[in-house]
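Visitor: Heads up: the sequence shown begins at 1 in full-length UniProt numbering, then just goes up one per residue.
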Amino acid sequence: MRAPFTSFVVLSAVSSSLAAWVPLSSLQNRVDSPFLDCLETAGFDPVVQGESEYATDAAPFNLRFDWKPAALVYPNDSAGVAAAVKCGAAHSIKVNARSGGHSYAAFALGGEDGHLTVDLNNLRHLSVSGDTATIGAGNRLGDVALYLWENGQRAMAHGTCPYVGIGGHAGQGGFGLPSRAWGLLADQVQSLEIVTADGSILTASQSENSDLFWAATGAGSSFGIITSFTTVTHEALDSVAFSYTFANYGPAEASKGLQAWQNFANDPSKPLDVSLGLQIHIAPGDSPSGVVFSVSGQYYGVDEAKVNATFAPLLAELGQPSATFIQTQDWITSVLFLAGTTGLDSLNTTLAPDTHDDFYATSTFVSLDEPLGSPSTDAVMEYFYGPGATSEVAWFVIFDLYGGGESVINKVGADYNAFNARDALYSIQYYGTIPNSVSDADGISFIQGMKAAIEDNQPQTFFKEYVNYIDSTYTADFAHQKYYPTHTARLTDLKNKYDPNRVIHHPQDF
1 MRAPFTSFVV
11 LSAVSSSLAA
21 WVPLSSLQNR
31 VDSPFLDCLE
41 TAGFDPVVQG
51 ESEYATDAAP
61 FNLRFDWKPA
71 ALVYPNDSAG
81 VAAAVKCGAA
91 HSIKVNARSG
101 GHSYAAFALG
111 GEDGHLTVDL
121 NNLRHLSVSG
131 DTATIGAGNR
141 LGDVALYLWE
151 NGQRAMAHGT
161 CPYVGIGGHA
171 GQGGFGLPSR
181 AWGLLADQVQ
191 SLEIVTADGS
201 ILTASQSENS
211 DLFWAATGAG
221 SSFGIITSFT
231 TVTHEALDSV
241 AFSYTFANYG
251 PAEASKGLQA
261 WQNFANDPSK
271 PLDVSLGLQI
281 HIAPGDSPSG
291 VVFSVSGQYY
301 GVDEAKVNAT
311 FAPLLAELGQ
321 PSATFIQTQD
331 WITSVLFLAG
341 TTGLDSLNTT
351 LAPDTHDDFY
361 ATSTFVSLDE
371 PLGSPSTDAV
381 MEYFYGPGAT
391 SEVAWFVIFD
401 LYGGGESVIN
411 KVGADYNAFN
421 ARDALYSIQY
431 YGTIPNSVSD
441 ADGISFIQGM
451 KAAIEDNQPQ
461 TFFKEYVNYI
471 DSTYTADFAH
481 QKYYPTHTAR
491 LTDLKNKYDP
501 NRVIHHPQDF
C-alpha cells in the first residue's frame, strides 16, 4: 500500500538488458494492464502516471533526471517486496529498489522509463541486542544514528547525510569518518535479508549463501532488494572535531598543502592513529582567491591536547591557519555537527521530506602505492583557483582518508567483499550543483575538468572510483572498469546465477 509519508530518495539497483522490458507508453496504452492487476491482487495501490501523487512520488533527488516509472509501490514487509518483484518478473517489467538515499543517477527510478520502483519507506524496523543491531532497509542514516544513540549509546561508521538510505549505502560500501577504525558500513554487516529476482526471500552471511553475501556487501543493488541488515555496533565514543582553514592560499600553497596532507596521512615512520577521521575540503568561498582550503575531521576517543600534538607537524608544513576550530563532542553531537544540523529531531527523517539538487558528481580513488605527484596537485589547484573561482557551478571537492596506519579498510583484504578499492589511500569526490544559467553539458564538463586535471597528470592510469558517487555518464562496461575492476567477472557470474533475466535493472548492470 502507499506510504503515508513519501521521501524523495534513491537506492541504486543494477542490471542489463538481456530480457525484454515493456516500455511505459505500451503499458499506459493498455486499458486493462495485467501488470497493474498483478500488483493490485498482491495488495498494492500502485502509483502510476496520471495520478496526483505521481509527480511527487517519482521525483528524484537529482533533478537532472526525469525518469517515468511504470508504477511505484510501497510494501510493508519482505513478503510484499517479493510479491512486487514477482509481478515485475512475470510481466517483463524491470524492478528497482528505493531505500532512501541519493543515487546520483536516479537509478531507483530505473535509469530509463517504464520500470517498477519498490519503495522501502515502510520497512523501518530497528532493534538492538547487545552489540548487534537489526535495521530495516527503509531507514535512513539519521534514523539509525538516533535509534542507536537512544538505545544503549551504540554507533556505527557511516556517512553524514541523515537522508541517505542504509540500503544503497551499506550495500555498496558505505564510508564514514570512523571507518579507518571500524570499517566500511558494508564491512560491519554480519548478515542480511534479500529478495532475489525470482521472489525468494533469502538470508545471506559468510556462512549462508556466502557468495550472495559477498556480492551484496559491495554491489548489493545488482543482486536483489535488501530488506534488512544485521550489523555489529560500537560504543558511541566522544570525539574532538577540528578544522584548520586556509583562506589565504593560492594554487601553489594549496598544492603544497595537499602534498603535505598526503604525506602526513601515509607516513610509515609515524603511522596515523586509526581513530582519526581526516578530510580536506576545497570549495568557493569568501577569500582573496575566491577559494577556501581546509583540513578537518573527527578524532575519536581523545582530548584536545592529543589533537594539538598530532597536528603540530602537519601545521608546520601547512602554515598558520586563517581560522581554527576545535570542539569536544559526544557521539550524537558529532553526528549532528557532521550533518550540518542541530536538534535530535533533525535526524528523524519521518518528520520532514528530503531536499533535491540539480547536480553532477564523479570520483577518484588515490592508491596507497601511488599517491598524487606534484604535477597532478599543481594542475588541479590551478583549476580550482582559476576557473573554479569564477564558475557559476556551486562546486565542492572532498578528499576522504581511507588508508594510512593500520586502517581496517585496507587490512581486511582485497576480496573481503565486492567493494573493490581496498588499496585506497583516499577518495576524491567532485560535486557541482548546476544552476539554470549553466547548461547540463557545460556543468558536467566543468566538473570533469577537475578530475582530468588530476588523472591526466599522474603517471599511472586511474582505474578505481566509488560506486556510491556513481557517475551518470558511464556506460555499463566503463562503470565496471571503474567500480569493480578486479571483481567484474565474478560479479557477472553471480548475476547470471541469481538474476539470469536481469529483472533487477539499470543501465550500469553486470
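All C-beta atoms in this analysis are idealised placements derived from N, C-alpha and C, irrespective of residue type, glycine included.
(1) Within the chosen definition, does the stretch 327–341 reach the stretch 399–406 through at least 3 CB pairs nearer than 8 Å?
(2) Could you tell me which residues DSSP pairs with S191 in its beta bridges?
(3) Take Q279 and list the residues in its own chain whose beta-carbon comes closer than 8 Å to its own, dropping the five residues that flank it on each side.
(4) When you compare the stretch 161–176 with the stretch 44–57, are there three or more beta-carbon pairs, one atom per stretch, that lie closer than 8 Å?
(5) Could you give the residue range of the beta strand (DSSP E) that holds N76?
(6) What ranges does the alpha helix (DSSP H) occupy inside the stretch 206–294, keeping only unbroken runs of at least 4 residues that lie completely in it?
(7) State yes or no: is the beta carbon of F399 nearer than 8 Å to at least one beta carbon in chain B?
(8) May I have a chain-ordered list of the alpha helix (DSSP H) segments no shorter than 4 residues that lie completely inside the stretch 122–150?
(9) Could you check the C-alpha separation between L494 and L314 for me, to the nearest Å?
(10) Could you tell me the alpha carbon to alpha carbon distance between S222 and A71, rounded to whole angstroms?
(11) At 3 residues or longer, and completely inside the stretch 88–116: list those beta strand (DSSP E) runs for me, N to C.
(12) Just to check my reading of the structure: W149 and I332 have Cβ atoms closer than 8 Å, yes? What is that Cβ distance to the nearest angstrom?
(13) Alpha helix (DSSP H) containing V467: first to last residue?
(14) For V81, which option in T196, A247, K464 and N62 has the closest C-alpha, if you only look at C-alpha atoms?
(15) So, for V412: in the same chain, excluding its five sequence neighbours on each side, which residues have a beta-carbon less than 8 Å away from its beta-carbon?
(16) Can you have a look at Q460 and say buried or exposed, based on whether 16 or more other CB atoms are within 10 angstroms of its CB?
(17) Please state whether DSSP places V412 in a helix, a strand or coil.
(18) Just how far apart, CA to CA, sit N96 and H234?
(19) What is the DSSP secondary structure of D119, reduced to helix, strand or coil?
(20) Report back the beta-carbon spacing between A106 and N62 to the nearest angstrom; my notes put them in contact at under 8 Å.
(21) When DSSP builds the beta bridges, which residues end up paired with A367?
(22) Just the Cα atoms here: how many angstroms apart are A452 and A254?
(23) Relative to the C-alpha of P435, which residue among N348, A157 and F359 is closest?
(24) How long is the line joining the alpha carbons of T390 and G220, rounded to whole angstroms?
(25) Per DSSP, what kind of secondary structure is S334 in: helix, strand or coil?
(26) Sorted by chain position, which residues of the same chain lie with C-beta nearer than 8 Å to G373's C-beta, five sequence neighbours on each side aside?
(27) Take H281 and list the residues in its own chain whose beta-carbon comes closer than 7 Å to its own, dropping the five residues that flank it on each side.
Guide: By the coordinates alone:
(1) Judged by Cβ distances under 8 Å, the stretch 327–341 makes no contact with the stretch 399–406, as fewer than three pairs qualify.
(2) For S191, which the question treats as bridged, DSSP gives the partners S205 and T230.
(3) Once the five neighbours on either side are set aside, the close Cβ partners of Q279 are L177, V295, S296, G297, I398, F399, D400 and L401.
(4) When C-beta atoms of the stretch 161–176 are compared with those of the stretch 44–57, fewer than three pairs fall below 8 Å, so the two segments do not count as touching.
(5) For N76, there is no enclosing beta strand (DSSP E), as DSSP marks it with neither H nor E.
(6) The qualifying runs are 210–216 and 251–265.
(7) Here there is only one protein chain, and chain B is not present.
(8) List check, alpha helix (DSSP H) in window: 141–150.
(9) Near 46 Å, if we compare the C-alpha coordinates of L314 and L494.
(10) Taking the straight line from one Cα to the other gives about 20 Å.
(11) Fully enclosed beta strand (DSSP E) runs of 3 or longer: 95–98.
(12) Indeed they touch by this definition, with Cβ atoms about 5 Å apart.
(13) In the DSSP assignment, V467 falls outside any alpha helix (DSSP H), carrying neither H nor E.
(14) Nearest C-alpha to V81: T196.
(15) Exclusion of the five residues before and after V412 leaves G183, D187 and R422 as the residues of its chain whose Cβ lies within less than 8 Å of its Cβ.
(16) Exposed is the call here.
(17) It is coil, neither helix nor strand.
(18) C-alpha separation (whole angstroms): 32 Å.
(19) Strand at D119.
(20) Going by Cβ atoms, the distance from A106 to N62 rounds to 5 Å, so yes, they are a contact pair.
(21) As written in the sequence, residue 367 is Ser, which differs from the Ala given in the question. A424, per the DSSP bridge assignment.
(22) Answer to the nearest angstrom: the Cα atoms are 18 Å apart.
(23) If we check each option's Cα against that of P435, F359 comes out closest.
(24) Between T390 and G220, the C-alpha separation is close to 40 Å.
(25) In this structure, S334 counts as helix in the three-state DSSP scheme.
(26) So the qualifying residues of the chain are N457, Q458 and P459.
(27) Beyond the five residues adjoining it in sequence on each side, H281 comes within less than 7 Å, by CB distance, of S294, S296, F396 and I398 in the same chain, given in chain order.
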